[in-house]
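*Asks:* Start counting the sequence shown at 2; every next residue gets the next number (our numbering).
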Amino acid sequence: MSEVSMETTRPSVWRKMRGNTGALIGGTLLLLIILIAVLAPLLAPHDPIAQDLTRRLLPPFWHDRAVPEHLLGTDHLGRDYLSRLIYGARVSLGVGLGVILVSGTIGITLGLIAGYFGGWIDMVISFAITTRLSLPIVLVALAAVALGGASLTTLITVLGFLLWDRFAVVTRAAAQSLRHQEFILGLRAIGASRARILFLEILPNMRATILVVVSLEVANVILLEAALSFLGLGVRPPTPSWGLMISEGRDNILFDPWLIALPGSALCLLVLAVNLFGDGMRDITGPARK
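1) Quick check on the DSSP output: the alpha helix (DSSP H) that includes residue 177 runs from which residue to which?
2) Is it buried or exposed, residue 278, if we count other Cβ atoms within 10 angstroms and call 16 or more buried?
3) Cα separation between residue 257 and residue 50?
4) Out of 88, 177, 106, which one is the CA nearest neighbour of residue 118?
5) Enumerate in chain order the residues of its own chain whose CB-to-CB distance from residue 87 is below 7 Å, with the five nearest sequence positions on each side excluded.
6) Do residue 114 and residue 107 have their C-beta atoms closer together than 8 Å?
7) Could you tell me the distance, in whole angstroms, from the CA atom of residue 130 to the CA atom of residue 120?
8) Going by beta-carbon coordinates alone, are residue 57 and residue 31 separated by less than 8 Å?
9) By the DSSP assignment, the alpha helix (DSSP H) with residue 124 in it spans what residues?
10) Could you check which residue in 112, 274, 284 has the C-alpha nearest to that of residue 26?
11) Would the beta-carbon of residue 157 fall within 8 Å of that of residue 244?
12) With three or more C-beta pairs closer than 8 Å as the rule, is the stretch 214-230 touching the stretch 132-145?
13) What are the boundary residues of the alpha helix (DSSP H) that residue 202 is part of?
14) So what does DSSP say about residue 1, is it helix, strand or coil?
15) Rounded to the nearest angstrom, what separates residue 216 and residue 55 at their Cα positions?
16) Kindly indicate which residue of 263, 253, 252, 212 has the alpha-carbon position closest to the one of residue 280.
17) Pull the bridge partners of residue 81 from the DSSP assignment, please.
18) Short check: CB of residue 112 to CB of residue 170, under 8 Å?
19) Report, in whole angstroms, the separation of the C-beta atoms of residue 47 and residue 84, which I expect to be a contact under 8 Å.
20) So if DSSP puts residue 68 in a beta bridge, which residue, or which two residues, is it bridged to?
21) So, helix, strand or coil for residue 191, using DSSP?
22) Taking C-beta to C-beta, are residue 89 and residue 264 nearer than 8 Å?
23) How would you write the range of the alpha helix (DSSP H) that residue 240 sits in, first residue to last?
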């Protein structure tokens, strides 16, 4: 039932997406950034970690002292800034996707179970959600990463186990409203398994809501990764990360502000693209539009 409805509504979703400005702009920008990240080895003109101290702090192309070989200049160690920006997209998108996979799996599973079964199971999971909401994310992440060591694996694991609550809250509320629907009662009557009801019937009916949560959480994760990298507890040097690039350029903010402006602009553009696409898809796939 759910598979047929998904197939029949897919063309209309694409038609509506072409008519939704936010989804179209956000999706185009997001697709462009993803392509840049995937094709980074082909697009980057230089090795992003190769140092040349004789060419340190070269300005971008709009300055008089610009060098054609380095369109966006070089950093304090003579590394090509354009190449580091291109590879930095990989870090931001990789961390965002990894954290969402971990946190989404935990939160959606707990939310489905709590909303469908209710009773003491709901009470236990609700207590876990309340406990998680009482913890300050940034402080706990700082402590955990500091204890576990700064690395991509540690960062994804820590953030994944800290950002599942929003998925759980939204999924729990949606499951509570869907478990009394007639098609769910009918499936119970014919003896359908609980796993089928939860993951093949209830979960597909939440895809629009979950998509909005994903867009919000991806933007949040990208900003958290940049903040932790800025503080030196995220990605380790010399791995190119936009947050790390902002941190490395802060000593030259008065004389070479482009060292901060370029990665900061890339970070803002990625977050804007994710939010525009998520909001647009919410409008397209929401119940009010069907």
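Glycine is no exception: its CB is placed at the ideal position from the N, C-alpha and C atoms.
Note that the structure is predicted; figures quoted are calculated from it, not measured.
*Replies:* The answer reads as follows:
1) Position 176 of the sequence shown holds residue 177. Where residue 177 is concerned, the enclosing alpha helix (DSSP H) stretches over 166-179.
2) What you label residue 278 is simply residue 277 of the sequence shown in a count that begins at 1. Counting Cβ neighbours within 10 Å, residue 278 comes out buried, since at least 16 surround it.
3) Start at 1 with the first residue of the sequence shown, and residue 257 comes out as number 256. Start at 1 with the first residue of the sequence shown, and residue 50 comes out as number 49. Taken atom to atom, the span from the alpha-carbon of residue 257 to that of residue 50 is near 20 Å.
4) Locating residue 118 in the sequence shown gives position 117, counting from the first residue. Residue 118 has its Cα closest to that of 177, out of 88, 177, 106.
5) As a position in the sequence shown, residue 87 is number 86, starting the count at 1. Counting only Cβ-Cβ distances below 7 Å, and skipping sequence neighbours, we find 37, 41, 44, 45.
6) For the purposes of this step, residue 114 is taken as the residue at position 113 of the sequence shown. For the purposes of this step, residue 107 is taken as the residue at position 106 of the sequence shown. Not a contact, by the Cβ cut-off of 8 Å.
7) Within the sequence shown, the letter at position 129 stands for residue 130. Within the sequence shown, the letter at position 119 stands for residue 120. Residue 130 and residue 120: Cα-Cα distance of roughly 15 Å.
8) Translated into the one-based positions of the sequence shown, residue 57 becomes position 56. Translated into the one-based positions of the sequence shown, residue 31 becomes position 30. In this structure, residue 57 keeps its C-beta atom at 8 Å or more from the C-beta atom of residue 31.
9) Walking along the sequence shown from the start, residue 124 turns up at place 123. Run containing residue 124: 120-134, per the alpha helix (DSSP H) assignment.
10) As a working mapping, residue 26 is identified with position 25 in the sequence shown. The residue among 112, 274, 284 with its C-alpha nearest the C-alpha of residue 26 is 274.
11) Taking the first residue of the sequence shown as position 1, residue 157 is located at position 156. Taking the first residue of the sequence shown as position 1, residue 244 is located at position 243. In this structure, the beta-carbon distance from residue 157 to residue 244 does not fall below 8 Å.
12) Judged by Cβ distances under 8 Å, the stretch 132-145 makes contact with the stretch 214-230, as three or more pairs qualify.
13) Stepping through the sequence shown from its first residue, residue 202 is reached at position 201. Neither: residue 202 is in no alpha helix (DSSP H) and is coded neither H nor E.
14) This structure cannot speak to residue 1, because the chain is shown only from 2 to 291.
15) The residue labelled residue 216 in the question sits at position 215 within the sequence shown. The residue labelled residue 55 in the question sits at position 54 within the sequence shown. Spanning the two alpha carbons is a distance of roughly 43 Å.
16) Counted from its first residue, the sequence shown places residue 280 at position 279. For residue 280, the nearest C-alpha among the options comes from 212.
17) The residue given as residue 81 occupies position 80 in the sequence shown. DSSP lists 75 as partners of residue 81.
18) If you number the sequence shown from 1, residue 112 lands on position 111. If you number the sequence shown from 1, residue 170 lands on position 169. In this structure, residue 112 sits near residue 170, with a CB-CB distance shorter than 8 Å.
19) Translated into the one-based positions of the sequence shown, residue 47 becomes position 46. Translated into the one-based positions of the sequence shown, residue 84 becomes position 83. 5 Å between Cβ atoms; contact.
20) Here residue 68 corresponds to residue number 67 of the sequence shown, with the count starting at 1. 71, per the DSSP bridge assignment.
21) In the sequence shown, the residue the question calls residue 191 occupies position 190. If DSSP states are grouped into helix, strand and coil, residue 191 belongs with coil.
22) Taking the sequence shown and counting its residues from 1, the one referred to as residue 89 is at position 88. Taking the sequence shown and counting its residues from 1, the one referred to as residue 264 is at position 263. Yes, the Cβ-Cβ distance between residue 89 and residue 264 is below 8 Å.
23) Residue mapping note: residue 240 aligns to position 239 of the sequence shown, counting from 1. First-last for residue 240: undefined, no H or E at that position.
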